[in-house]
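A.B. asks: Note that numbering that gives the first Met the number 0 has the sequence shown beginning at 0, numbered continuously upward.
Virtual Cβ for every residue (Gly too), placed ideally from N, Cα, C.
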Amino acid sequence: MASLLVVLGCSHGRAGDPCVHGPGVLVPLGPGSSTIRTVFVILMENTNWSEIAGNPAAPYINRTLLPAASFATRYFNPPGLHPSEPNYLWLEGGTHYGIHDNDDPAAHHLPNRDHLVSLLGQAGIAWKAYQEGISGGECPLSSEGLYAAKHNPFVYFDDVTGGLDVNSPVCISHVRPFEELAADLQVGKVARYNFITPDLCHDMHGASACETLNQIHSGDAWLAQWVPAILQSSAYANGGALFIVWDESEDGDYPIGLIVLSAAAKGGGYSNAIRYTHSSLLRTLQEIFGVGPLLCDAVRATALSDLFRVFP
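Following this line, the structure appears as structure tokens:
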């Protein structure tokens, strides 16, 4: 299939938005089909890669995942981008939209339609977000208990929430309780793009209500409990890829984790020292699904193709 040429363009930005405005730029997006059909992304929190690699508190990551995976040793949050919320938004749209705090969507809902799941929807590609700690009965616009809206980028976009409507059918059908993932995997009902957010006690973030203060161990144990269900599913076996990524580093801009598991990945513990950012993962997802335009900073990013044997 011939390569698809798309026009780069970012619109509706806020002050400080790094999107390039003005004349579009033709960008080759790549083939419209991919070896990878189903993608799972798990977001972990606030941990430097140096705190995870080789850490005995993370035995599942170090002894099971890394020997089987491809991983990056120089993957960063975008320069100077903190705290969590703008990093989650960046993974969805290639920009922080001028947001530099962790406020709920009531303070920051966005009219933008230039973001990944909007492009997926336009292309007829199913997506779903699995959020630990929500009920599923309404659109989870407010942080509550161990659920943090700042870790759920989709509820910041008006085209998902209907403009802060807790009864938005689009939001309720796409943003589901994490507990539904296991059953969806068993019966083959997962979407093609699946974004998974553990709660504050399981994502290495931590909270006062958590049973342990060892956040790395808690997150590693959660991965050990749930990742096997993904890797043993038919969706993963038939062209699946799992990306485990951390949102930001602690105390500055240091490398954070990016782990890839897929039959299409080089695997076997392969790693590289190419500099990547969240824009790299976003560009990779756009190339896998063949949707464009490349979103904002993704046009300048290096895709994660070196971590794969076959890409996209």
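Rounded to a whole number of angstroms, what is the C-alpha to C-alpha distance between residue 299 and residue 124?
C.D. replies: Each residue's Cα considered, the two are about 25 Å apart.
A.B. asks: What do you reckon, are the CB atoms on residue 257 and residue 244 nearer than 9 Å?
C.D. replies: It is a contact, given that the beta carbons lie within the stated cut-off.
A.B. asks: How big is the Cα-Cα spacing for residue 68 and residue 267?
C.D. replies: Whole-angstrom Cα-Cα distance: 6 Å.
A.B. asks: Just mark residue 250 as buried or exposed, buried being the case when its beta carbon has 16 or more other beta carbons within 10 Å.
C.D. replies: So residue 250 ends up on the exposed side.
A.B. asks: Would residue 195 and residue 40 be called neighbours here (beta carbons separated by less than 9 Å)?
C.D. replies: Against a cut-off of 9 Å, the Cβ pair of residue 40 and residue 195 comes out as a contact.
A.B. asks: With a floor of 3 residues, list each beta strand (DSSP E) that falls wholly inside the stretch 82-160, ordered by position along the chain.
C.D. replies: Within the stretch 82-160, the complete beta strand (DSSP E) runs of at least 3 residues are 126-130.
A.B. asks: Beta-carbon within less than 8 Å of residue 108's beta-carbon, same chain only, minus the 5 sequence neighbours each way: which residues are those?
C.D. replies: Hits under 8 Å: 155, 156, 157, 160, 162, 163.
A.B. asks: I'd like to know if residue 212 contacts chain B, where contact means its C-beta is closer than 9 Å to some C-beta of that chain.
C.D. replies: Structure shown: chain B not included; a single protein chain is present.
A.B. asks: Note the first and the last residue of the continuous alpha helix (DSSP H) segment covering residue 288.
C.D. replies: Where residue 288 is concerned, the enclosing alpha helix (DSSP H) stretches over 277-288.
A.B. asks: To the nearest angstrom, how far is the alpha carbon of residue 276 from that of residue 71?
C.D. replies: So the two alpha carbons sit approximately 10 Å from each other.
A.B. asks: State the Cα-Cα distance for the pair residue 34 and residue 180, rounded to the nearest angstrom.
C.D. replies: Going from the Cα of residue 34 to the Cα of residue 180 covers about 23 Å.
A.B. asks: Which residue marks the beginning of the beta strand (DSSP E) containing residue 33, and which one marks its end?
C.D. replies: Residue 33 -> no beta strand (DSSP E), and no H or E assigned at all.
A.B. asks: Who are the Cβ neighbours of residue 147 in its own chain at under 7 Å, not counting the five residues just before and after it?
C.D. replies: Hits under 7 Å: 199.
A.B. asks: State the Cα-Cα distance for the pair residue 59 and residue 48, rounded to the nearest angstrom.
C.D. replies: Rounded to whole angstroms, residue 59 to residue 48 spans 15 Å at the Cα level.
A.B. asks: Give the secondary structure of residue 258 by DSSP, where H, G and I count as helix, E and B as strand, and everything else as coil.
C.D. replies: Correct three-state label for residue 258: strand.
A.B. asks: Are residue 96 and residue 111 closer than 9 Å when you measure CB to CB?
C.D. replies: Yes, these two residues count as a Cβ contact at 9 Å.
A.B. asks: To the nearest angstrom, how far is it from the Cα of residue 134 to the Cα of residue 177?
C.D. replies: Residue 134 and residue 177: Cα-Cα distance of roughly 9 Å.
A.B. asks: Please indicate yes or no: does the CB of residue 276 lie closer than 8 Å to some heavy atom of the ligand MG?
C.D. replies: Among the components modelled here there is no ligand, and therefore nothing to report on the ligand MG.
A.B. asks: Mapping the DSSP letters down to three states, classify residue 174 as helix, strand or coil.
C.D. replies: In the structure shown, residue 174 sits in a strand (DSSP, three-state: E or B).
A.B. asks: Just tell me which of 208, 296, 301 has its CA closest to the CA of residue 92.
C.D. replies: Minimum Cα distance to residue 92 is reached at 296.
A.B. asks: Please go through the same chain and pick out, in chain order, the residues whose beta-carbon is closer than 7 Å to the beta-carbon of residue 279, but skip the five residues on each side of it.
C.D. replies: The residues are 300, 301, 302, 303.
A.B. asks: Taking the DSSP output, what are the residues bridged to residue 241?
C.D. replies: Beta-bridge pairing links residue 241 to 39, 260.
A.B. asks: Any idea what DSSP makes of residue 63, helix, strand or coil?
C.D. replies: Residue 63 falls in the helix class under three-state DSSP.
A.B. asks: Let me make sure I understand the geometry here. Which of 273, 288, 242, 207 has the alpha-carbon closest to that of residue 65?
C.D. replies: Here the closest residue by C-alpha is 242.
A.B. asks: In the DSSP output, what is residue 269 paired with across the bridge?
C.D. replies: In the DSSP output, where bridge partners are listed per residue, residue 269 has 69.
A.B. asks: List the endpoints of the continuous beta strand (DSSP E) containing residue 192.
C.D. replies: Its beta strand (DSSP E) spans residues 192-196.
A.B. asks: Hey, quick one: how far does the alpha helix (DSSP H) through residue 253 stretch, first residue to last?
C.D. replies: First-last for residue 253: undefined, no H or E at that position.
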